[in-house]
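Just so you know, we're using the working numbering here: the sequence shown kicks off at 776 and counts up by one. Only one structure is covered here, and it is reproduced in the block below.
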Amino acid sequence: MNSIQLLKDLTNAFGPSGFEEDVNATALKYVPKGYETDRDNMLNFYMQKTSQKGKPTVLVEAHSDEIGLIVQAVKGNGTITFLPLGGWVPATLSGQRMVIRNSEGKLITGVIATAPTHFGGADAPAPKLEGMVIDIGAVSRAEVVDTYKISPGDPVVPHSVFEQQGDTLIAKAFDDRVGCAAVLEVLDTFKSKKLPLNLVGAFSSQEEVGIRGAKTMAARVKPDFAICFEGAPADDTLTDLAQTSLGKGPMLRHIDGGMITNPRLMAYTLAAAQKAKIPVQQAVRKAGSTNGSYFHIAGTGIPTLVISCPTRYAHSPHSMISLNDYKQCVKLAVAVINGLDAKVLEGF
């Protein structure tokens, strides 16, 4: 599987929270032979071989949605107001190019309006989402509605194109398309291998607006073990005490705002990484959360491991990852799964 092309196609796909269809369609092109696919009403996407009864189920998942916007209204002057889908720092949006998918499925490009220095823009206070509008170049509400077919409820994502610069990859939506790519590569690794497990790969929807898809996914799959791939915010350009740096391997979190990782599972994972000579970064996070925050308390509790690929400038129109970090994330998940069986799972 061509990792770079896979990441390019997935990050370029249009898929803010609640509108993940394009991501699922892109994934269909890469699902390895031997895996059946399905989708539920939440737009969760599932990939698995024929279920093997009596074997423990291992879920390998990532969320397919990216943060975006949704059209709220069209003003008389032709500018468009919006609400956020997920968490944005307003300053990262100001002046950015955006893409609106209209009711006919056509992509319309616009710019988030800013005041130039000539009109006092340099002295303006820090921008707030509430006052922002998207300008597509129209001059009236009628033009936006009748010519461009844009209406309330239309989804919006940043206009951002995938690029490679050495080991560094730059794109939108690495949170969490890097995880979606990793799920597909893990499934590909095991496509011809017999496991003492029922391996299920999945993309969950609407993580960025409240970890919603994971709830229906847990109820459907009922896994005995879950691996969540994430694009974790890197802090190596923000602090001298970085715990999530580009180029230093997968990040494993002991704790975050929603989950304390099972210490027995963490010890098992660190031993697997050491044996496979995979560099890892250990993080203690006071805030933030992942789908793991729901999986680990679903049902009677699911042993859950979050493997994160460090991502600079997550939740912005342009983010960065290391290709080698990504490959090490896949390698770590494979090493973890290779050591699992019913007895090991009972030990967690």
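From the three backbone atoms N, C-alpha and C, an ideal C-beta is built for every residue, glycine too.
DSSP has residue i in a bridge; who is on the other side?
i       : result
Ala1048 : Ala1048 pairs with nothing; no bridge assigned.
His838  : Ser979
Leu844  : Pro859 and Val931
Asn973  : Thr832
Met1026 : Gln1056 and Ser1083
Thr1065 : In the DSSP output, where bridge partners are listed per residue, Thr1065 has none listed.
Pro791  : Glu841
Out of curiosity, what's the CA-to-CA distance linking residue i and residue j?
i       : j       : result
Gln847  : Gly793  : 15 Å
Glu938  : Ala956  : 16 Å
Gln1103 : Ser1083 : 10 Å
Ala800  : Phe978  : 12 Å
Pro1025 : Gly912  : 43 Å
His838  : Arg916  : 35 Å
Arg1087 : His1093 : 9 Å
Ala927  : Arg987  : As written in the sequence, residue 927 is Pro, which differs from the Ala given in the question. Whole-angstrom Cα-Cα distance: 22 Å.
Val1109 : Lys1050 : 12 Å
Leu1107 : Ala890  : 48 Å
Gly1067 : Gly1006 : 13 Å
Ala1048 : Ala1058 : 15 Å
Val1055 : Pro1008 : 15 Å
Gln871  : Gln981  : 23 Å
Sorry if obvious, but does the Cβ on residue i come closer than 8 Å to a heavy atom of the ligand COA?
i       : result
Lys1061 : Among the components modelled here there is no ligand, and therefore nothing to report on the ligand COA.
Tell whether a beta-carbon distance below 9 Å holds between residue i and residue j.
i       : j       : result
Val835  : Val961  : yes
Met1078 : Phe1123 : This sequence places Pro at residue 1078; Met is not what is there. In this structure, Phe1123 lies closer than 9 Å to Pro1078 by Cβ.
Gly843  : Gly861  : yes
Asp951  : Leu1021 : no
Thr1041 : Ser1064 : Here residue 1041 is Met; the residue named in the question, Thr, does not match the sequence. In this structure, Ser1064 does not lie closer than 9 Å to Met1041 by Cβ.
Pro1085 : Thr1019 : yes
Val932  : Ala948  : yes
Asp898  : Gly853  : no
Val874  : Phe789  : yes
Ile887  : Arg876  : no
Lys990  : Gly1032 : no
Ile779  : Leu1098 : yes
Met822  : Gly976  : yes
Tell me the DSSP secondary structure of residue i in three-state form.
i       : result
Pro802  : According to the sequence as given, residue 802 is Ala; it is not Pro. Correct three-state label for Ala802: helix.
Arg872  : strand
Asp797  : helix
Ile1072 : coil
Ile1112 : helix
Pro865  : helix
Gln827  : coil
Thr892  : helix
Just to confirm my understanding: we take residue i, look at its own chain, exclude 5 residues before and 5 after, and list those with CB closer than 6 Å. What are they?
i       : result
Leu1120 : Pro831, Asp999 and Phe1000
Ser1091 : Thr867
Val798  : Ala788, Gly790 and Ser839
To which residues of the same chain is residue i closer than 7 Å at the C-beta, ignoring the five residues directly before and after it?
i      : result
Leu904 : Pro859, Trp863 and Pro865
Ser935 : Ala946, Lys947, Pro1092 and His1093
Might you give, ordered along the chain, the residues of its own chain that have their beta carbon closer than 8 Å to the beta carbon of residue i, omitting 5 neighbours on each side?
i      : result
Gly809 : Lys824, Lys966 and Ser967
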